[in-house]
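The sequence shown begins at 404 in the numbering used here and counts up one residue at a time. Backbone N, C-alpha and C define an ideal beta-carbon position, used for all residues, glycine too. Predicted model only: the values in this text are computed from it and were never measured.
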Amino acid sequence: MNFEENIATYFGSTQYPQWSVMGILQYLAEYMDYTSNSKEEISKVLAKHLLHISVGINFKKSAKNKAKKLYAALDTTLSRAEIIQFFDEQDVRFYKKLYKINVEKSVIKDKIFVVKAESTRFFGKSEPVIESNNHPTVPEELNLQVLEKDNDIVLDDNSDEFEDDD
């Protein structure tokens, strides 16, 4: 994960009065996937950038002071309840996305088996027919449904109706 580049971009694109640890975490979440396991790495990279800004010659005195304040309070800020909650939410988003990707891979694999079976029947080849009825199950908390429509498997996000792909 490239925290270095994204944190540098945050400081370069955000006015210093708006700099905050939560702002940085939200910015990172917008441009990359990460979990609470990355907290230490984020802290190190952030501290490095804050120190660089606080002693840099290319920054206004007020920007340097803001960087010094953020650096001095970094450990305390990262242990605040709202920051911990944000990391917990990041974990949920990350694993929800990962699970959705795995379910989609499973559905694609299942469709490939069905297509192979149908093509074998259509072309009359003597290859063994492979059919899979292993439809993925999706936990309710992910708000995904695995739906069947004319033997096609469709992942649906909170929708009660099928959409035509035609």
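Backbone secondary structure at residue i - three-state DSSP
i: residue 423; result: coil
i: residue 460; result: coil
i: residue 438; result: coil
i: residue 479; result: helix
i: residue 418; result: coil
i: residue 405; result: coil
Residue i and residue j closer than 7 Å at C-beta
i: residue 453; j: residue 473; result: yes
i: residue 406; j: residue 445; result: yes
Rounded C-alpha distance that separates residue i from residue j
i: residue 425; j: residue 486; result: 7 Å
i: residue 459; j: residue 502; result: 43 Å
i: residue 420; j: residue 433; result: 20 Å
i: residue 448; j: residue 441; result: 11 Å
i: residue 483; j: residue 493; result: 15 Å
i: residue 476; j: residue 443; result: 15 Å
i: residue 496; j: residue 422; result: 24 Å
i: residue 418; j: residue 450; result: 18 Å
Nonlocal neighbours in the same chain, by C-beta distance under 7 Å from residue i, ignoring five residues either side
i: residue 457; result: 467, 470, 471, 474
i: residue 413; result: 427, 430
i: residue 411; result: 452
i: residue 462; result: 456
i: residue 465; result: 419
Own chain, CB closer than 6 Å to residue i, minus 5 neighbours either side, in chain order
i: residue 431; result: 409
i: residue 416; result: none
i: residue 480; result: 424
Supposed contact pair residue j and residue i - C-beta distance, whole angstroms, cut 8 Å
i: residue 439; j: residue 491; result: 7 Å
i: residue 499; j: residue 436; result: With 8 Å as the limit, residue 499 and residue 436 do not qualify as a contact, their Cβ atoms being about 11 Å apart.
Residue i: CB within 6 Å of a non-hydrogen atom of the ligand PLP
i: residue 463; result: In the structure shown, the ligand PLP is absent, as is every other ligand, since no ligand is present at all.
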